[in-house]
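Participant: Residue numbers (my numbering): 118 to 487.
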């Protein structure tokens with residue numbers, strides 16, 4: 118029992134917050150309660166030959182929509198039964214079976230509404246536990262990168278398409294290694310737990326191989342081999358790998374079938390399309406020649422590189438028009454990578470409103486400070 122002495126029901130109620138009803142729903146429920154009050158007044162005014170007391174059975178049902186505490190519809194049902202009893206004293210001209218039917222109806226709906234409240238509260242507690250576990254899994258799987266490593270300032274954002282979701286198939290990682298700074302951003306084909314499992318496998322392989330493999334292209338090939346050896350058939354990962362030398366800030370990119378990174382320099386945005394297209398991780402042996410290619414980029418101080426998943430570039434507005442990411446990136450205010458990603462997600466949310474994102478979206482911004 119809790120220290121406050123409320124017992125199990127009170128603890129359960131604390132675990133599940135009260136429902137936040139939309140304004141329109143509150144107005145509809147309020148109108149229903151007004152009708153109930155009107156029915157009681159009408160019953161009092163129409164004399165002993167008629168009764169509207171059965172409509173009081175709606176009271177516990179209406180209250181049940183506003184609470185997650187079982188005692189609230191129970192108390193409301195008891196109050197409705199008392200009011201029905203008072204109306205029985207007024208309507209003396211009716212047979213006893215009418216009043217008995219009214220009482221039975223109120224009792225049955227009270228019990229049913231209470232059971233419904235208990236069931237919904239239990240399911241919401243289960244959902245809360247699942248979401249808590251998912252949040253813990255996300256913290257373990259997708260670790261927040263440091264704000265600064267060597268010459269780089271880094272920020273990352275991950276937005277789930279569904280409000281109840283906390284984790285999906287988008288993945289990212291930043292590792293400081295003896296061979297320089299290694300960055301991975303990817304998107305697993307598919308959804309659900311299989312996609313999460315694949316993301317975990319790729320991240321685990323990357324965290325190990327990034328510290329032992331000096332060649333960035335060979336690192337991508339090792340990730341492909343690790344993914345191709347999994348039992349899940351047909352699952353692949355589009356990804357982009359970035360390697361940055363700590364000394365001279367020189368950088369290499371390996372694109373594995375992923376949306377092209379965008380480089381913003383002095384307000385202009387350039388799409389870094391690879392000169393040689395290669396398949397996603399897990400398909401190199403089937404669709405490629407067995408090798409990835411690392412291509413150099415020449416970053417300048419102040420340059421910003423944006424890595425992103427297709428949840429950003431393929432987001433659509435109400436007219437089904439894709440989000441114009443390169444043009445919007447060029448217009449966003451300059452600032453830290455955190456500032457830029459905050460502005461980008463705000464702009465993206467406005468673009469897809471009111472439908473919202475159709476797919477999870479991840480974005481990682483890297484700025485060279487020197």
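Just so it is clear, CB atoms sit at the ideal spot from N, CA and C, and this is done for glycine as well.
Since we're looking at a predicted model, the values are computed, not measured.
#1: By how many angstroms is the C-alpha of residue 328 removed from the C-alpha of residue 294?
#2: Using DSSP with H/G/I as helix, E/B as strand and the rest coil, what is residue 386?
#3: Going by DSSP, what residue range makes up the alpha helix (DSSP H) through residue 143?
#4: Pick from 199, 239, 198, 194: whose alpha carbon is nearest that of residue 227?
#5: Are the beta-carbon atoms of residue 457 and residue 302 separated by less than 7 Å?
#6: Which ranges does the alpha helix (DSSP H) cover as unbroken runs of at least 4 residues, wholly within the region 315-372, from first to last along the chain?
#7: Write down every uninterrupted run of the alpha helix (DSSP H) in the region 155-240 whose length is 4 residues or greater and which is fully enclosed by it, in chain order.
#8: Are residue 208 and residue 168 closer than 7 Å when you measure CB to CB?
#9: Where do the ends of the alpha helix (DSSP H) carrying residue 455 lie?
#10: For residue 150, is the classification buried or exposed, using 16 other Cβ atoms within 10 angstroms of its Cβ as the cut-off for buried?
#11: Which word fits residue 164, buried or exposed, when buried means at least 16 other C-beta atoms lie within 10 angstroms of its C-beta?
#12: Give me the Cβ distance between residue 476 and residue 428, rounded to the nearest whole Å; I'm assuming they're in contact under 8 Å.
#13: Tell me whether residue 445 sits in a helix, a strand or coil according to DSSP, three-state version.
#14: So, for residue 191: in the same chain, excluding its five sequence neighbours on each side, which residues have a beta-carbon less than 6 Å away from its beta-carbon?
#15: Taking the CB atoms as reference points, tell me whether residue 355 and residue 391 lie closer together than 7 Å.
#16: Could you tell me the boundaries of the beta strand (DSSP E) in which residue 305 lies?
#17: Determine the closest residue to residue 387 out of 395, 378, 393, with distance taken between C-alpha atoms.
#18: To the nearest angstrom, how far is it from the Cα of residue 141 to the Cα of residue 421?
Facilitator: Working from what's here:
#1: For this step, residue 294 is matched to residue 177 along the chain shown. For this step, residue 328 is matched to residue 211 along the chain shown. Rounded to the nearest angstrom, the two C-alpha atoms are 5 Å apart.
#2: Counting from 1 along the chain shown, the entry for residue 386 is found at position 269. The answer is strand: DSSP assigns residue 386 an E or B state.
#3: On the chain shown, position 26 is the one that residue 143 refers to. Here the alpha helix (DSSP H) through residue 143 covers 140-162.
#4: Here residue 227 corresponds to residue number 110 of the chain shown, with the count starting at 1. Selected option, being the one with the closest Cα: 194.
#5: On the chain shown, position 340 is the one that residue 457 refers to. On the chain shown, position 185 is the one that residue 302 refers to. Residue 302 is positioned such that its CB atom lies no closer than 7 Å to that of residue 457.
#6: Counting whole runs of 4 or more residues, the region 315-372 contains the alpha helix (DSSP H) stretches 333-345.
#7: 175-181, 188-207
#8: Counting from one through the chain shown, the residue named residue 208 turns up at place 91. Counting from one through the chain shown, the residue named residue 168 turns up at place 51. Yes.
#9: On the chain shown, residue 455 is found 338 positions in, with the first residue counted as 1. Counting along the chain, the alpha helix (DSSP H) containing residue 455 begins and ends at 454-469.
#10: On the chain shown, position 33 is the one that residue 150 refers to. The residue in question, residue 150, is exposed, as its Cβ has fewer than 16 Cβ neighbours within 10 Å.
#11: Mapped onto the chain shown, residue 164 falls at position 47. Around the Cβ of residue 164, a 10 Å sphere holds fewer than 16 other Cβ atoms; the residue is exposed.
#12: Numbered from its first residue, the chain shown carries residue 476 at position 359. Numbered from its first residue, the chain shown carries residue 428 at position 311. Contact holds; Cβ gap of about 4 Å.
#13: The residue you call residue 445 lines up with position 328 of the chain shown. Reduced to three states, the DSSP call for residue 445 is helix.
#14: Position 74 of the chain shown, counting from 1, holds the residue named residue 191. So the qualifying residues of the chain are 231.
#15: By one-based count along the chain shown, residue 355 stands at place 238. By one-based count along the chain shown, residue 391 stands at place 274. No, Cβ-Cβ distance for residue 355 and residue 391 is not below 7 Å.
#16: Here residue 305 refers to the residue found at position 188 of the chain shown. Residue 305 -> beta strand (DSSP E) spans 297-305.
#17: Residue mapping note: residue 387 aligns to position 270 of the chain shown, counting from 1. Among 395, 378, 393, the Cα nearest to that of residue 387 belongs to 378.
#18: Position 24 of the chain shown, counted from the first residue, corresponds to residue 141. Position 304 of the chain shown, counted from the first residue, corresponds to residue 421. The straight-line gap from Cα to Cα measures roughly 45 Å.
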